[in-house]
Structure formats: C-alpha cells, structure tokens
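Note that our numbering numbers the sequence shown so that position 415 is 1417, with each residue one more than the last.
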Amino acid sequence: MPMRKQQAKKKKMKKRLLSVILIALVCLSTVLANGMVEDKPVKRIEAASILDNLFALSDIHPSSIAGLESTPRNLGYTATNAAVTSVNVIPAAKDCVEMEELPRIEAVLNAGIMELDKDGLNFMPEKAVTKREFATYIAKGLYGPDLDIDHVQAALNDGVFDSSLLSDELISQGTAYALADQVKSQLQVVSVFVTSDIHGNYLPYKSSDSKFEIGSVARIKSILDYQRYLLGEENVIYVDGGDSPYNTTLSNITNGDASVAALNALGLDATVLKNHDFDYSFPNLLRLSSNADYAMLSANTRYKEGHQPDGSGLYPEEFGDYIIKKASGLKIGIFKITDDQSAATTLYSNTVDITWDDDLGKAHEIVSMLKEKEDCDVVIALSHLHSKNKALVLQEPDINISVGGGNDIAGKPTILGDNQYLINPGKHGEALTQVSLNVFKGKLVGVVYNQLFLTDAYQEDEEVKALVDSYNAQVDKALDVTIGYNSQNLEWSSALVRCQNSPIANLVTDALLSYFKDDGAQLCIVNGGGIRAKLDAGEVSIREVTSVLPFDNNMMLVETSGRTIWNALGNGISAYPSANGKFPQVAGMTYAFKAGTPNELLSVTLDDGTALDMDKTYKVVINSFIAGGGDGYLMFNVLDSTKEMATDVNQLVYVRKTYMRDALQNYFEKHTSADKPLVMDLSENRITIL
C-alpha cells in the first residue's frame, strides 16, 4: 500500500478511536472540573459506552426503515431458506436513534450485556444505573451473556469486584470508571471474526425485501481494520466456514480468482473446503490454493488410491489439517473437516480423483492432536457438516467454538455440551460475526458474541471496493449483452425452487426440453437446488441467465423406464418440507405427492394427459449433476463409477461444455423479441402437494 494511503487510513482509525474515547470521557468532565466533589451517577448511555470500549465490541450500525419505527428488532433467522430482512437491521433502541452513541448502545444490546426496558423497544438512556446493575453488566460481559450461569457470583469468586458493589445505590462515574479500569488492566480480548457460505457474494446486493443494500467485503475490511488497530493485529483472527469461491457470476466467470483476491485483501487466516469449493475442477482448486495467502483446511480430503500425482502423498499438501494462532497468551488451534458426503452434492467429474475420510472419526483424531500434542488452550472447528454440525460438537467436548457452515442460519449461537458455542454465521456475505475470547488474569473466562449485518450503514474500505469493482468490470462487457426479452418478474427463493412449483423453474425445464426437441425429448427433470436467482421483466442479458444457472452442469438426454422416472421423483421429494436441493422441477409432465413420514408419490401425468407407464421407455433430459448420482439420484447415475451405477438408463446424447444456462440463453434467443417477450403461465401448476 502506498505510504500516503497508509497514513490516511491510520489517521482515519485514530480519529474513530479518539471519538470513542472522548465519548467515554465526556461524562467525567464535570467530576474532574470540580475535583471529584460532584461525582454524578452513571446513566445507561454512559454505561453502554464504557462497556463497549471495555470489551472491544464492534459497533452495530442499524438502518432506519420506514414503517418499522415501533417494530422490535429480530436478531436473526432460524429457517435455512430465510434471509436477512428489515426486522434484522432496524435499531433495537427506538429512543436512541438520533444519538451519536447509538452504534455502541446497539452493540451492548446485540451482545446481551445490557437489555432494553420492559417494553422491549426503548433503552432509557438517561436512566441512572445502580451498583448492582453495573456489576452485573461487567460480569455478563466478562463471562459471556449467553451462558446460563450466575455471572455475579463468578465475578466475586474471581475477585473482579467485591460484595460492596451488590447494592441498589446509584453508581457514581468515578466508581464505574475505576472498576472498568481495574478490569481492563487484567483483561485481554481476542476477537475471532467469522463468515461462512459467501458463495461468491463479494459485491453488495438488495435485500430479499428490497428495503436496503446488504453485503460487500469492503465493509468487512473496514470493520476488521478498526479492530486490528484497536486490539493489535495478533489479537484479531478472521476465519471462514467454506463455500466461498464460486456461485455468483463474478466469481464463476473469474474461476474463483476474484474470491481469492478479495479474501487475501481482507487478511483471512483460514477457510475450509466444502462441497461448493469443488464446483469447478480440482486442479482449479489447487491453483486457487497456491494464490491464497490464507490456509485452505481439510483434514480428511485425500486422493483416491492410485490417483495422486507423481511424487504426491495420499493427502494433498495444499490443504492442511489445522493451523495454530497465538494471541494474548492463548494457543488457539483451528481445524477443518469436510463433509464426507460432499460427493453427493457436487459434480462427479470434479471429484473423480479424490475422496473423504470419515468426517467425525477424523475430527476426533485432530481434536486429540490439538489438545494433547499441540497443548492448545482453545480449539475452533470450522465445521461445514450441515446436519452433523451439532453432532461434532457434542462428540468432542474439547471443541470450544464451532462454526456451523452450511447451516445457512443467523443469530445467537447455540450453546451445547459444557459451554461449547456453535456459531450461526449467516450466508451470502450478509453478516460478519464477532466472537470475542476474554482472557482475564491470563485465563480464558468467557466468550462474547456479536453479529453485524453488513448494510449500507457501514463504510466500505476504498481499496477493497476498488479491487472487487475492477474484477466486476472485466466481466461486465460480455455479460451485459441482451439475448432476449421477458414480460414478467419471475421470483426466486430457496423455498420456491426446493419446495413447490415455481415459474422460474418451469422456464428452466422448458428451455432444457426445447433444447433437445429435435432429439425426441419428452420429459425433463432437474434438481431445484441448481436454480439460483430470479429473472426480472425487461431485457434479459447473459449476466441474468448466468445468475439463474451459475453451475457448470452439462446436459444429457437419456432413455429410461417409467419406473426409474417414478423412483427419481420419489428421491427428489423425500426431503420435503426441508428446502433440499434435490427437490425435482419438471417439464413434459406433472406430479402429485402426499406430504408425510415418509412423503408418498401419488401420480405422474404426462402433458398429453396419460399416466406415466412404469414399463414404457421415455426420453428424459437431465443434467450431469444428476447423471453422476448427485443428490441421491443414483437411479440416473451413468457417469460416476465410484457410486452405484444405474442399470436402467441408456445415454443417448451427452452435451459436454454446453451448460444448462446455454440452453436457457438459446431459448430466449429463439423464442423472444422486443415486441414478443416471454410470457409464462404463472397459474400453471406442475407439482401438487396434498
């Protein structure tokens, strides 16, 4: 970085730090001016600033959304198909929205160190604080508000303060600052920042309710830089829970290069390998690892016997088992295990040379090594094990913190076992989570959790913004070519394509069926999880088509029996009502099923009105993901010999290096024009759920 820019950035950091200190000290001005004669009571607004500074919390910058002035803030969401909406980003303290101290008030509220008034809407900033209340705030911030313990008793036991503070007298400014200074002199904070499931979302984008902008790695950089300045580089650790390199147009077109460049710029310490890290070829992943300044971890990814390159061992050297970080006297071990079922959710050809050891078994081996051989004080698991994230933590009591990658939920951590934290980090670059390790008198005593939703209320780092914008500019010209016209907004959400009939999914399957029309294609089945974005009315560009279908899935025409088609649909509906990517979207037919335990396929009807004949042969369009047995579609597996192969499928046409998005582009080019845009029947229902 040029010297002038470094100096400017440091000047900005100093100015920001000084503002915090000045706000924290201003309440003492009267006291000092009067020689401690008029030591006034501490107000809640002053207490918030003291606590925010003491525990090194990142400021929370809420967004004001019209019409929600009296709506309580929600800290996150628990449904995997949900996303950050307005109720997650509005101010919690409604009576403080015009105050300069609002970000610090929101930070202590978000962390759970302080609470709102009984009405759940107001903070009562001018209300005086008692000694007992202030002591409780200190104790909760030190030992972690999320733990179900007697915080005050723990503080008494550790000599943080004595019982004279357990009084309902108002606490004076002098006493409050003296206690905070006493604690701070023996407290060191290590801030671990967490992201996960970024899926290539490095640019800001509109929220799902279109009320605000969210995302941007440039905002992450601004937050990280300030914390590094505040605590020191060695006391700030940044880790990612996986699925970061691909899945948006920007990241896909650059083969992941934009992702690695952005994460390098953020100063990432470590990430993990997950199923979507294998969405492009394994050699490309190895290339990305060589360009990364951070560790790509996976203790259980290995070459299949006889598949490793000459001179290589069974485990790729590019991917370590763990890293060790030292901060504030702590030895912190960070390790990663990849879901051993990753082959089922990625393209078979990208993982043909590799496999995965048993994930939970390997995790036990690594945790034992970190505790017994490395003598780590803290063990952090970057676990992207989906439904097994909790099982890992419960199996390994020596794991202190586990990042629940693949959970796709946000909000408060899940406390498991003996005070173990399972972090719910959100997805798609929407959130940055701060997990602060409190080291008091040389011992780890508590964890404080804060989650920042990255709206446009946060500043963007100019250099990182310029970096990402430069990559985006490289792909703009080619992607913004108009290839068709659309008359309607075709909406998208995980639930729409993974749980029900969907117009955007109907368009995709119609396009694939049309592509193979001259080959006699009759039906089409695709997994809903491969459809990733909405399509707005108006001109349709290559960029939009690529956003809808970002994966490099080839297309295939196969010939198979009605019974195999029936079994395939049964597999696809088996996870309902979970928003699972295997959910089948179709063309050339409709189907009905009864929801239950298990779900029961009831009927399949072809477009000509006849029922699916179990013994008849049909020509079906599928993609290479399904044709490799992905998402449990083993009845269609004609590509991956490491899995159970299909016995009733004849491969007719396999279109390599022509992807599903190419068929969608072809469909728009052939069937639409400016005066004849696409019109979908929005009332058409191909899937009936009883």
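Ideal Cβ placement from N, Cα and C applies to all residues, glycine included.
Query	Result
Cα-Cα separation between K1414 and M1116, rounded to whole angstroms	15 Å
Endpoints, the beta strand (DSSP E) within which G1406 is located	I1403 to G1406
Top-ranked residue by Cα proximity to R1663, from F1518, A1594 and E1546	E1546
Three-pair Cβ contact test at 8 Å for the stretch 1498-1511 versus the stretch 1577-1591	yes
Sequence-distant residues of its chain with Cβ nearer than 7 Å to N1474 (five each side left out)	L1205 and L1252
Assigned exposure category for V1039 - 16 Cβ within 10 Å defines buried	Low confidence applies to V1039: its pLDDT is 32, below 50, so where it sits in the model is not reliable, and the reading given next is rough at best. V1039 should be labelled exposed.
Per DSSP, the bridge partner or partners of N1625	M1557
At least three beta-carbon pairs within less than 8 Å, the stretch 1422-1432 to the stretch 1390-1400	yes
Cβ-based neighbour list, N1124, same chain, cut-off 6 Å, excluding 5 preceding and 5 following	K1096 and D1097
Burial state of V1681, where buried means 16 or more other Cβ atoms lie within 10 Å	exposed
Straight-line Cα distance separating L1525 from S1224	51 Å
Chain-order list of residues whose beta-carbon lies under 7 Å from that of H1063 (same chain, five-residue window excluded)	P1105, A1459 and Y1460
Exposed unless 16 or more other CB atoms sit within 10 angstroms - verdict on T1032	With a pLDDT of 39 at T1032, under the threshold of 50, the predicted position of this residue should be treated as unreliable, though the coordinate-derived value follows. Exposed: under 16 other Cβ atoms inside 10 Å.
Spatial distance of S1495 from S1051 (CA atoms)	40 Å
Where A1294 sits in the DSSP three-state scheme	coil
Straight-line Cα distance separating P1505 from L1684	6 Å
Neighbour-count burial assignment, K1133, 16 or more Cβ in a 10 Å radius	buried
Three-state secondary structure assigned by DSSP to I1226	In the sequence on display, residue 1226 carries Leu and not Ile. Here L1226 sits in helix by DSSP.
Beta carbon of A1094 nearer than 8 Å to that of L1118	yes
C-alpha gap between M1101 and I1151, whole angstroms	33 Å
Residue from E1686, M1591 and D1642 with nearest C-alpha to G1611	M1591
Inter-residue Cα distance where the pair is A1081 and G1583	15 Å
Residues near L1469 by beta carbon distance below 8 Å, same chain, minus five either side	A1263, A1264 and A1267
Assigned exposure category for G1331 - 16 Cβ within 10 Å defines buried	exposed
T1138, enclosing alpha helix (DSSP H) - first and last residue	K1133 to Y1145
T1357 (DSSP reduced to helix, strand or coil)	strand
Member of A1130, A1365 and D1400 whose CA lies at the smallest distance from the CA of L1172	A1130
Residues that DSSP places opposite Y1661 in a beta bridge	N1556
A1433 versus T1457 - alpha carbon distance	9 Å
Whether L1144 touches G1448 by CB criterion (8 Å)	yes
Local conformation of H1201 per DSSP, three classes	coil
Q1422 - containing beta strand (DSSP E), residue span	Q1422 to I1425
Range of the contiguous alpha helix (DSSP H) that encloses G1448	Premise fails: G1448 lies in the beta strand (DSSP E), K1445 to F1455, not in any alpha helix (DSSP H).
Any 3 or more C-beta pairs closer than 8 Å across the stretch 1238-1246 and the stretch 1480-1496	no
In DSSP terms, what R1075 is bridged to	BP columns for R1075 are empty, so no partner.
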